[in-house]
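What follows is a single structure, written as structure tokens, with notes after it.
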Amino acid sequence: MFGNGCHSKARILFHEDITGKEITRNLLKAVQKLPNVHILEYVTMLDLIEQDNTCFGILAKDKNDEYLTIEADNTILASGGIGGLYEHSTNYPHLTGDAIAIALRHNIKLENPDYVQIHPTSLYTNKPGRSFLISESVRGEGAKLYGKDGKRFANEVLPRDLMTAEIKKQMAKDNMPYVWLDMTVLGKDVILNHFPHIYEKCLEEGFDVTKQWIPIVPAQHYYMGGIHVDKYSKTTMNNLYAVGETSCNGVHGANRLASNSLLEGLVFAKRAVNKIHDDENAQHKKYDIDFAQLANNVQQNIDREKIILAQEYKKAIFNEMDKVRSAR
Ligand SMILES: Cc1cc2nc3c(=O)[nH]c(=O)nc-3n(C[C@H](O)[C@H](O)[C@H](O)COP(=O)(O)OP(=O)(O)OC[C@H]3O[C@@H](n4cnc5c(N)ncnc54)[C@H](O)[C@@H]3O)c2cc1C
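Okay, so the sequence shown: first residue is 1145 according to my numbering, each after it adds one.
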């Protein structure tokens, strides 16, 4: 994604086997130092405050369940994917696609809302909660997949959708809720140096990957669809942007390759900020609105409809997915 003229080279940012955590930790540290940024923790966005397809901010709830409104010239949605809507996902349960449901509520255009990426290899467990992801770089290094009979059944470096399909086929054939992944073939040095966190996590779950195979199963991993945005991350609503997994800018297509969503998030977040900055310098639009009244209306709607995000919004997202799928 970082390129230079016709001699462009693709680069992947990585740190051991915890790239996302490292990028987030460093970004957060940098943001916390900015004097013009105010971070509100444990605040949940409930709805947009909008009039005539122009966004003026959001309605949210704090940790004491009190409403609060945030007025803004420009708003950027960045509430991640939809993993929390699924029983098995590598994402945190609180990532429930709220921005997607809110977009549906306001007729903001979505792109491929039915495209959901399943990661072929999460550690099988019957415990509830987030599934632990076994990175595909493990298979890139040479780890093998086996069925119940201990035999290989597929090429281990297939793209995610094809790999998932092969694993599901084998699970059905074996009548088992998982297949086996063999990391022992990588050798102890490679495992400890390249995959220390996978090693430790599996050990916590009772598996020593240097000595034994582990059970793995496909799990929801990434939302390929999302809020439609242009190349500056702008949605179809005025003054409203969307970045990261909640947006769909079309760069990934239907099936994201590994390791490039964080780069996409960084690049398109920067584009959004530059665009907002340029527009603010170019024009000072004045809107004739009564923000307090608008916000009050939105709050009354939310109260009246008794919207419980986890239920009503989930229903709205799955309905939209079904609608688009059956129209394909
Ligand atoms: C296990 C795992 C490993 C991964 N590894 C890689 C990798 O190596 N390389 C790579 O490129 N990608 C990787 N990905 C994908 C990548 O981490 C995500 O795509 C990326 O984190 C999405 O960033 P985001 O900022 O859009 O959303 P998130 O990082 O999910 O952040 C969304 C934020 O919004 C908040 N939020 C949600 N709803 C609301 C609401 N209603 N109100 C207020 N706040 C809300 C959440 O609390 C959260 O803080 C991985 C994903 C997983 C699950």
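We put the beta carbon where it would ideally sit given N, CA and C, even for glycine. Being a predicted model, the structure only gives us computed values, none of them experimental.
Quick one: is L1176 buried, meaning 16 or more other Cβ sit within 10 Å of its Cβ, or exposed? Note on residue identity: the sequence assigns Gln, not Leu, to residue 1176. Answer is exposed; the Cβ neighbour count stays below 16.
Where does H1232 sit, in a helix, a strand or coil, going by DSSP? coil
Same chain, Cβ closer than 8 Å to G1164, five either side skipped, listed in chain order: L1406
Under 8 Å, do L1248 and G1369 count as touching if we go by C-beta distance? no
What does DSSP give as the partner residues of T1213 in its beta bridges? L1203
Where N1382 sits in the DSSP three-state scheme: strand
By the DSSP assignment, the alpha helix (DSSP H) with L1172 in it spans what residues? T1163 to Q1176
Is there contact between the segment 1168-1184 and the segment 1229-1248, where contact requires at least three CB pairs shorter than 8 Å? no
So, do the segment 1333-1340 and the segment 1370-1383 have three or more beta carbon pairs nearer to each other than 8 Å? no
By the three-class DSSP mapping on this structure, what secondary structure does T1219 have? strand
Alpha carbon to alpha carbon, what distance is there between E1166 and G1225? 19 Å
Check the C-beta distance from L1141 over to A1439 and give it rounded, since I have them as a contact under 8 Å. Because the chain here runs from 1145 to 1472, residue 1141 falls outside it and cannot be looked at.
First and last residue of the alpha helix (DSSP H) that includes L1239? Looking at the DSSP string, L1239 is not in any alpha helix (DSSP H), and its letter there is neither H nor E.
What are the start and end residues of the alpha helix (DSSP H) that includes V1442? F1435 to E1449
Comparing alpha-carbon positions, which option in V1323, K1378 and A1243 lies nearest V1417? K1378
To which residues of the same chain is T1198 closer than 6 Å at the C-beta, ignoring the five residues directly before and after it? N1382 and N1383
Rounded to the nearest angstrom, how far is the Cβ of I1246 from that of D1191, given a contact under 8 Å? 6 Å
Pull up the distance between the alpha-carbon of K1332 and that of L1325, whole angstroms please. 15 Å
Sort out for me which residues DSSP pairs T1198 with in a bridge. Q1195 and N1382
Contact belief for H1232 with A1436 at Cβ below 8 Å, rounded distance in angstroms: Actually they do not touch by this definition, with Cβ atoms about 44 Å apart.
Do D1305 and N1399 count as a contact pair if the criterion is CB distance below 8 Å? yes
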